[in-house]
(Lines of atoms letter the chains of each structure in order from A and count residues from 1; the text may use other names and numbers.)
(Lines give C-alpha, C1' and ligand atoms only; values in the text may rest on other atoms or scores of the structure.)
Protein backbone atom coordinates (compact mmCIF):
# COMPACT_ATOMS: atom_id res chain seq x y z
CA UNK A 1 0.00 0.00 0.00
CA UNK A 2 1.05 3.58 -0.64
CA UNK A 3 0.13 6.87 0.95
CA UNK A 4 -0.88 9.85 -1.19
CA UNK A 5 -0.90 13.42 0.13
CA UNK A 6 -2.18 16.51 -1.68
CA UNK A 7 -3.37 19.99 -0.79
CA UNK A 8 -6.84 21.37 -1.51
CA UNK A 9 -8.88 24.35 -0.37
CA UNK A 10 -10.23 23.78 3.15
CA UNK A 11 -13.81 24.76 2.23
CA UNK A 12 -13.76 22.38 -0.75
CA UNK A 13 -12.51 19.56 1.48
CA UNK A 14 -15.15 20.15 4.15
CA UNK A 15 -18.02 20.35 1.68
CA UNK A 16 -16.97 17.32 -0.37
CA UNK A 17 -16.16 15.17 2.67
CA UNK A 18 -19.57 16.06 4.11
CA UNK A 19 -21.27 14.89 0.91
CA UNK A 20 -19.20 11.70 0.83
CA UNK A 21 -20.20 11.02 4.45
CA UNK A 22 -23.90 11.51 3.57
CA UNK A 23 -23.43 8.97 0.76
CA UNK A 24 -21.71 6.52 3.11
CA UNK A 25 -18.43 6.63 1.19
CA UNK A 26 -15.07 6.95 2.93
CA UNK A 27 -12.72 9.45 1.27
CA UNK A 28 -10.07 6.73 0.88
CA UNK A 29 -12.56 4.49 -0.98
CA UNK A 30 -13.62 7.41 -3.16
CA UNK A 31 -10.09 8.37 -4.20
CA UNK A 32 -9.12 4.72 -4.70
CA UNK A 33 -12.10 4.26 -7.05
CA UNK A 34 -11.11 7.36 -9.01
CA UNK A 35 -7.51 6.20 -9.41
CA UNK A 36 -8.64 2.67 -10.39
CA UNK A 37 -10.87 4.18 -13.08
CA UNK A 38 -8.01 6.29 -14.48
CA UNK A 39 -5.61 3.32 -14.41
CA UNK A 40 -8.13 1.00 -16.08
CA UNK A 41 -9.51 3.32 -18.77
CA UNK A 42 -6.65 5.74 -19.31
CA UNK A 43 -9.20 8.55 -19.06
CA UNK A 44 -10.35 11.05 -16.48
CA UNK A 45 -13.75 10.29 -14.92
CA UNK A 46 -14.98 13.84 -15.54
CA UNK A 47 -14.88 16.35 -18.36
CA UNK A 48 -14.69 20.08 -17.96
CA UNK A 49 -17.39 21.76 -20.00
CA UNK A 50 -15.86 24.36 -22.25
CA UNK A 51 -19.13 25.12 -24.03
CA UNK A 52 -22.46 26.35 -22.78
CA UNK A 53 -25.45 24.04 -23.26
CA UNK A 54 -26.63 26.26 -26.13
CA UNK A 55 -23.24 26.08 -27.84
CA UNK A 56 -23.15 22.30 -27.33
CA UNK A 57 -26.56 21.97 -29.04
CA UNK A 58 -25.34 24.10 -31.95
CA UNK A 59 -22.16 22.04 -32.26
CA UNK A 60 -24.22 18.82 -32.27
CA UNK A 61 -26.42 20.22 -35.05
CA UNK A 62 -23.39 21.27 -37.10
CA UNK A 63 -21.82 17.83 -36.75
CA UNK A 64 -25.10 16.18 -37.75
CA UNK A 65 -25.41 18.35 -40.86
CA UNK A 66 -21.79 17.77 -41.85
CA UNK A 67 -22.36 14.01 -41.63
CA UNK A 68 -25.61 14.18 -43.62
CA UNK A 69 -25.55 17.24 -45.90
CA UNK A 70 -28.85 16.28 -47.54
CA UNK A 71 -30.63 17.36 -44.35
CA UNK A 72 -29.20 20.87 -44.74
CA UNK A 73 -31.41 21.65 -47.68
CA UNK A 74 -35.06 21.06 -48.24
CA UNK A 75 -36.53 20.70 -51.67
CA UNK A 76 -38.30 23.83 -52.87
CA UNK A 77 -40.30 24.05 -56.06
CA UNK A 78 -41.17 27.18 -58.03
CA UNK A 79 -44.73 26.89 -56.75
CA UNK A 80 -43.41 27.04 -53.19
CA UNK A 81 -41.69 30.32 -53.94
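In the working numbering, the protein residues as written are 270 to 350. The C-beta atom is built at its ideal place from N, Cα and C for all residues, glycine as well.
Rounded C-alpha distance that separates residue i from residue j
i	j	result
residue 282	residue 314	19 Å
residue 278	residue 297	18 Å
residue 328	residue 271	43 Å
residue 331	residue 318	18 Å
residue 339	residue 285	49 Å
residue 305	residue 311	10 Å
residue 302	residue 344	53 Å
Spatial neighbours of residue i in its chain, beta-carbon cut-off 8 Å, leaving aside the 5 residues before and after
i	result
residue 275	none
The alpha helix (DSSP H) enclosing residue i, as first and last residue numbers
i	result
residue 277	Residue 277 -> no alpha helix (DSSP H), and no H or E assigned at all.
residue 302	296 to 310
residue 324	322 to 336
Whether residue i touches residue j by CB criterion (7 Å)
i	j	result
residue 289	residue 299	yes
Beta-carbon proximity list for residue i, same chain, < 7 Å, skipping 5 on both sides
i	result
residue 320	328
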